[in-house]
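Colleague:
In our numbering, the protein residues as written are 163 to 446.
1. So, under 8 angstroms CB-CB, residue 320 and residue 354 are touching, yes? Tell me the CB distance rounded to an integer number of Å.
2. When we look at the beta-carbon of residue 308 and count the other beta-carbons within 10 Å, is it buried (16 or more) or exposed?
3. Given that a residue counts as buried once 16 or more other Cβ atoms are within 10 Å of its Cβ, and exposed if not, what is residue 421?
4. What does the alpha-carbon distance come out to for the pair residue 324 and residue 291?
5. Measure from the alpha carbon of residue 356 to the alpha carbon of each residue in 382, 371, 339, 333, then state which is nearest.
6. Quick one: complete alpha helix (DSSP H) runs, 4+ long, within the stretch 288 to 347?
7. Any contact of the stretch 270 to 278 with the stretch 242 to 255, i.e. 3+ C-beta pairs under 8 angstroms?
8. For residue 418, name the three-state secondary structure that DSSP assigns.
9. Examine the Cβ distances between the stretch 401 to 413 and the stretch 363 to 380 and report whether three or more of them are shorter than 8 angstroms.
10. Please report the distance separating the alpha-carbon of residue 408 from that of residue 303.
11. Where residue 266 and residue 257 are concerned, what is the direct C-alpha to C-alpha distance, given to the nearest angstrom?
12. Going by CA-CA distance only, name the one from 393, 317, 236, 179 that's closest to residue 281.
13. On a CA-only basis, which of 347, 390, 418, 370 is nearest residue 359? Give me that one, please.
14. Taking the C-alpha atoms as reference points, what is the distance between residue 255 and residue 230?
15. Between residue 385 and residue 336, is the Cβ-Cβ spacing less than 8 angstroms?
16. Is the distance from the Cβ of residue 295 to the Cβ of residue 327 below 8 angstroms?
17. Would a C-beta distance cut-off of 8 angstroms place residue 262 and residue 243 closer than the cut-off?
18. For the alpha helix (DSSP H) containing residue 394, list its first residue and its last residue.
19. From residue 293 to residue 279, what does the alpha carbon distance come to, in whole angstroms?
20. Among 264, 218, 426, 253, which residue has its Cα nearest to the Cα of residue 236?
21. Report the rounded CA-to-CA distance for residue 198 versus residue 252, giving the unit in angstroms.
22. Out of curiosity, what's the CA-to-CA distance linking residue 417 and residue 371?
23. Given this structure, state the Cα-to-Cα distance separating residue 189 from residue 431, to the nearest angstrom.
24. What residue range is occupied by the uninterrupted alpha helix (DSSP H) comprising residue 286?
25. Mapping the DSSP letters down to three states, classify residue 212 as helix, strand or coil.
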């Protein structure tokens, strides 16, 4: 199970990746850590990038009940998991407790607990990789991309061809300004699964950061062919159009992103870019 960080539309790292460079500072709209709770059993982390539910860390009604309580009553889930751990709940209790800490906004403590659990658990490799993935995303919420990169690398040592993990590590690398490394991971993610629109969008952003704008535009067009309603792709295409001097095209893309996902960080950035676009060069 992965908490739906990607389901919040964009993580802080992804949002920063899609900033419009060269036009003045834009704020980064980070997701509320309290919203990054554990997904209900069977819930896909993102409509745009579905993936199979990873193996469960534990089995039994107490584990399911604790995870189910996270979204509606995270403080209660923490208390429940703590009591369960004291009575011998094992990995299931520790997992629920870590996700509860994440749900109440204590992402740093959650990340450390998830990482330690991944290292000590006797679960199968895929389940441990999922724990490292959760730790990586929690480290990103803690503004610790170096720790996120390390956790994602540990996850990939267990499941090296996982396209979602490759995207996670690429976002961490991009947050550290390591765009060539991000590009390598995104290339591999697309080779593993070319149907994920997010991989194509973020590769377009990496290519843009490396001044390879024609290739970036090709990638974002492909992302939109896979998912025409992808707000992040529209945000990125608008940036590329703006950089090419097509202000009208950029404005149309950003307006579409706002209309399709009005409450998302992508929409927030699109609105800021629209304001800069209307202000003109003298205001940038």
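Quick reminder that beta carbons are idealized off the backbone N, C-alpha and C, glycines included.
Modeller: Checking against the coordinates, here is how it stands:
1. Sequence index remark: in the chain shown, residue 320 carries index 158 (1-based). Sequence index remark: in the chain shown, residue 354 carries index 192 (1-based). About 15 angstroms separates the two Cβ atoms, so there is no contact after all.
2. Against the chain shown, residue 308 aligns to sequence position 146. The residue is exposed, with fewer than 16 neighbouring Cβ atoms inside 10 Å.
3. Numbered from 1 along the chain shown, position 259 holds the residue referred to as residue 421. Exposed, since its Cβ has fewer than 16 Cβ neighbours within 10 Å.
4. For the purposes of this step, residue 324 is taken as the residue at position 162 of the chain shown. For the purposes of this step, residue 291 is taken as the residue at position 129 of the chain shown. A straight line joining the alpha-carbon of residue 324 with that of residue 291 spans about 10 angstroms.
5. On the chain shown, position 194 is the one that residue 356 refers to. Nearest of 382, 371, 339, 333 to residue 356, Cα basis: 382.
6. Every unbroken stretch of the alpha helix (DSSP H) spanning 4 or more residues and falling wholly within the stretch 288 to 347 is given here in chain order: 307 to 320, 325 to 337.
7. Result no; under three Cβ-Cβ pairs closer than 8 angstroms.
8. Counting from one through the chain shown, the residue named residue 418 turns up at place 256. Assigned with DSSP and collapsed to three states, residue 418 falls in helix.
9. Yes: at least three Cβ pairs fall under 8 angstroms.
10. Taking the first residue of the chain shown as position 1, residue 408 is located at position 246. Taking the first residue of the chain shown as position 1, residue 303 is located at position 141. Note on geometry: alpha-carbon atoms of residue 408 and residue 303 lie some 34 angstroms from one another.
11. In the chain shown, the residue the question calls residue 266 occupies position 104. In the chain shown, the residue the question calls residue 257 occupies position 95. A straight line joining the alpha-carbon of residue 266 with that of residue 257 spans about 15 angstroms.
12. Sequence index remark: in the chain shown, residue 281 carries index 119 (1-based). For the residues 393, 317, 236, 179, the minimum Cα distance to residue 281 belongs to 317.
13. Start at 1 with the first residue of the chain shown, and residue 359 comes out as number 197. Checked all of 347, 390, 418, 370; the closest Cα to residue 359 is 390.
14. Here residue 255 refers to the residue found at position 93 when the chain shown is read from its first residue. Here residue 230 refers to the residue found at position 68 when the chain shown is read from its first residue. Going by the C-alpha atoms only, they are around 13 angstroms apart.
15. Here residue 385 is taken as the residue at index 223 of the chain shown, counted from 1. Here residue 336 is taken as the residue at index 174 of the chain shown, counted from 1. Annotated as distal: residue 385 and residue 336, with beta-carbon spacing of 8 angstroms or more.
16. Reading the chain shown from its first residue, position 133 is the one you call residue 295. Reading the chain shown from its first residue, position 165 is the one you call residue 327. The answer is yes: Cβ separation under 8 angstroms.
17. The residue labelled residue 262 in the question sits at position 100 within the chain shown. The residue labelled residue 243 in the question sits at position 81 within the chain shown. Their beta carbons are under 8 angstroms apart, which means residue 262 touches residue 243 by this criterion.
18. Residue mapping note: residue 394 aligns to position 232 of the chain shown, counting from 1. Here the alpha helix (DSSP H) through residue 394 covers 393 to 405.
19. By 1-based counting over the chain shown, the position of residue 293 is 131. By 1-based counting over the chain shown, the position of residue 279 is 117. Distance from the CA of residue 293 to the CA of residue 279, rounded to the nearest whole angstrom, comes to 7 angstroms.
20. Stepping through the chain shown from its first residue, residue 236 is reached at position 74. Closest in C-alpha terms to residue 236, from the list 264, 218, 426, 253, comes 264.
21. One-based indexing of the chain shown puts residue 198 at position 36. One-based indexing of the chain shown puts residue 252 at position 90. Residue placement at residue 198 cannot be trusted, given a pLDDT of 35 that sits under 50; what the coordinates show is reported in the next sentence. Cα to Cα, the separation comes out at about 23 angstroms.
22. Within the chain shown, residue 417 is the residue found at index 255, counting from 1. Within the chain shown, residue 371 is the residue found at index 209, counting from 1. Rounded to the nearest angstrom, the two C-alpha atoms are 23 angstroms apart.
23. Locating residue 189 in the chain shown gives position 27, counting from the first residue. Locating residue 431 in the chain shown gives position 269, counting from the first residue. Below a pLDDT of 50, predicted positions are generally treated as unreliable, and residue 189, at 22, falls in that range; no measurement from the model is reported.
24. Here the question's residue 286 lines up with position 124 in the chain shown. No alpha helix (DSSP H) contains residue 286, which DSSP labels as neither H nor E.
25. By 1-based counting over the chain shown, the position of residue 212 is 50. At residue 212 the pLDDT is 42, less than 50, meaning the model places this residue with poor confidence and gives no usable figure here.
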